[in-house]
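A.B. asks: One structure, as C-alpha cells, below. Some questions next.
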Ligand code: BTN
C-alpha cells in the first residue's frame, strides 16, 4: 500500500457502509473514510454503535493478499495501532491502555474503542482453488468525547481521562500507526503483531470466563497462539484454543 486517501464527511449511515460501496465500485486499497457522526453505526454481533459527534468513526479499505483466516488477524494489528495512537494523544496513558481479546481497546479496564472487520471473498470459477479476499474493511470507533451509558461492560472516553483529541487529529495518528503495522504484517506476517499485542494484553495469566454460544468456559488465559486464538488453560490442565467468544474476568 502506498498511502491513505482520506475522505471526510459530516454525516454518514456508517463509514463501513460507505467504504463497502466504494469497494464494490472498485476503489483502491488505502481509502479511509471519516465521519463526524453516523446514523446507523454498526458494532459487532449485529449490535448498534451509538455514534455522536465528537467521537471517532473511521473505516479503511484493504485488499491484502491473504486468506480470510489470515485477514481476521488484522484486528490485532488495528488494536496495537489504536493503543499507540492513544499514546500519541497523551503519552501518560501508556500504562493504562490494554488490548482485550479479540478486538477491543481498554483504558483503565473500560472499553475505549471497538473494531469491526467486514470482508468479501473473491468469486472463483467452479473447480478452481478457493478464492482469496476481494476486500477487507476495518471499521474503528473510538470514544474520544463521549461514551455510551448503560453498556453491558464498563465503557470510557478519552475526555473522561482529561484528554481532548479532535477526531481529525486522532485519525491522523491512527492511520500513521495502522500503515506502519499493516506494512510489517505484509512483510513479516503475524509474529511481530502478536508480540506487540501480547505486550499489551488485558488479563493475560488471569482467570477468565469465555462466553460461548453454547455456554461459559472457565480457565486461565495463558497465551495468544500463532493464529490469533486465545489459549485457555482449563481446570484439568488441558489447553483449549478459543477462536470466537467474549472474555470476562472470572468473578
Ligand atoms: C464493536 O462492537 O466493538 C465494534 C464497533 C465498531 C464501530 C465502528 S465506528 C466506524 C465503523 N462504522 C461502523 O458502522 N462501525 C465501525
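Residue numbers (UniProt numbering): 1 to 251. Every residue, glycine too, gets a C-beta built ideally from N, C-alpha and C.
(1) So what does residue 111 bridge to, in DSSP terms?
(2) Are three or more beta carbon pairs between the segment 159-169 and the segment 81-94 nearer than 8 angstroms?
(3) With respect to 8 angstroms, is the separation between the Cβ of residue 9 and the closest non-hydrogen atom of ligand 1 below this value?
(4) Is residue 238 near ligand 1, with its Cβ less than 8 angstroms from a heavy atom?
(5) Would you tell me roughly how many angstroms separate the C-alpha atoms of residue 4 and residue 48, rounded to the nearest one?
(6) How about the segment 70-81 and the segment 141-159: do they share at least three Cβ pairs that are nearer than 8 angstroms?
(7) To the nearest angstrom, how far is it from the Cα of residue 63 to the Cα of residue 177?
(8) Are residue 6 and residue 171 touching if we call contact CB-CB under 9 angstroms?
(9) Report yes if the C-beta distance between residue 107 and residue 39 is below 9 angstroms; otherwise report no.
(10) Find the nearest neighbour of residue 174 within the set 246, 84, 210, judged by alpha-carbon distance.
(11) Who are the near neighbours of residue 77 in its chain, counting only those whose CB is closer than 7 angstroms to its CB and skipping five residues on each side?
(12) Would residue 115 and residue 97 qualify as a contact pair, given that the criterion is a beta-carbon distance under 9 angstroms?
(13) Short check: CB of residue 54 to CB of residue 14, under 9 angstroms?
(14) Near residue 208, what residues of its chain come up, given a Cβ to Cβ distance below 8 angstroms and the 5 sequence neighbours on each side ignored?
(15) Ends of the beta strand (DSSP E) at residue 147?
(16) Please name the residue in 234, 216, 167, 132 whose C-alpha comes closest to that of residue 205.
(17) With DSSP as the reference, identify every bridge partner of residue 249, one or two as the case may be.
(18) Got a sec: does ligand 2 put a non-hydrogen atom nearer than 8 angstroms to the Cβ of residue 92?
C.D. replies: Considering the structure as presented:
(1) For the purposes of this step, residue 111 is taken as the residue at position 111 of the chain shown. Partner(s): 106, 155.
(2) yes
(3) The residue given as residue 9 occupies position 9 in the chain shown. No - ligand 1 has no heavy atom lying nearer than 8 angstroms to the Cβ of residue 9.
(4) Walking along the chain shown from the start, residue 238 turns up at place 238. Incorrect: residue 238 has no Cβ contact closer than 8 angstroms to ligand 1.
(5) Here residue 4 refers to the residue found at position 4 when the chain shown is read from its first residue. Here residue 48 refers to the residue found at position 48 when the chain shown is read from its first residue. Rounded to the nearest angstrom, the two C-alpha atoms are 27 angstroms apart.
(6) no
(7) Locating residue 63 in the chain shown gives position 63, counting from the first residue. Locating residue 177 in the chain shown gives position 177, counting from the first residue. Cα to Cα, the separation comes out at about 18 angstroms.
(8) As a working note, residue 6 is residue 6 in the chain shown. As a working note, residue 171 is residue 171 in the chain shown. In contact: residue 6 and residue 171 (Cβ atoms closer than 9 angstroms).
(9) Position 107 of the chain shown holds residue 107. Position 39 of the chain shown holds residue 39. No, Cβ-Cβ distance for residue 107 and residue 39 is not below 9 angstroms.
(10) Residue 174 sits at position 174 when you count from the first residue of the chain shown. That would be 84, whose Cα lies nearest to the Cα of residue 174.
(11) By 1-based counting over the chain shown, the position of residue 77 is 77. Closer than 7 angstroms at Cβ, skipping near neighbours: 181, 182, 185, 193.
(12) By 1-based counting over the chain shown, the position of residue 115 is 115. By 1-based counting over the chain shown, the position of residue 97 is 97. No; because the gap between Cβ atoms is not below 9 angstroms, this pair is not in contact.
(13) The count along the chain shown starts at 1 and reaches residue 54 at position 54. The count along the chain shown starts at 1 and reaches residue 14 at position 14. Taking 9 angstroms as the Cβ cut-off, residue 54 and residue 14 do not qualify as a contacting pair.
(14) In the chain shown, the residue the question calls residue 208 occupies position 208. These residues qualify, in order along the chain: 218, 219, 220, 221, 232, 247, 248, 249, 250.
(15) In the chain shown, counting from the first residue as 1, residue 147 sits at position 147. Element bounds for residue 147: n/a, residue is neither H nor E.
(16) Position 205 of the chain shown, counted from the first residue, corresponds to residue 205. With distances taken between Cα atoms, residue 205 lies closest to 234.
(17) Taking the chain shown and counting its residues from 1, one reaches residue 249 at position 249. In the DSSP output, where bridge partners are listed per residue, residue 249 has 208.
(18) For the structure depicted, ligand 2 is absent and the ligand set comprises only ligand 1.
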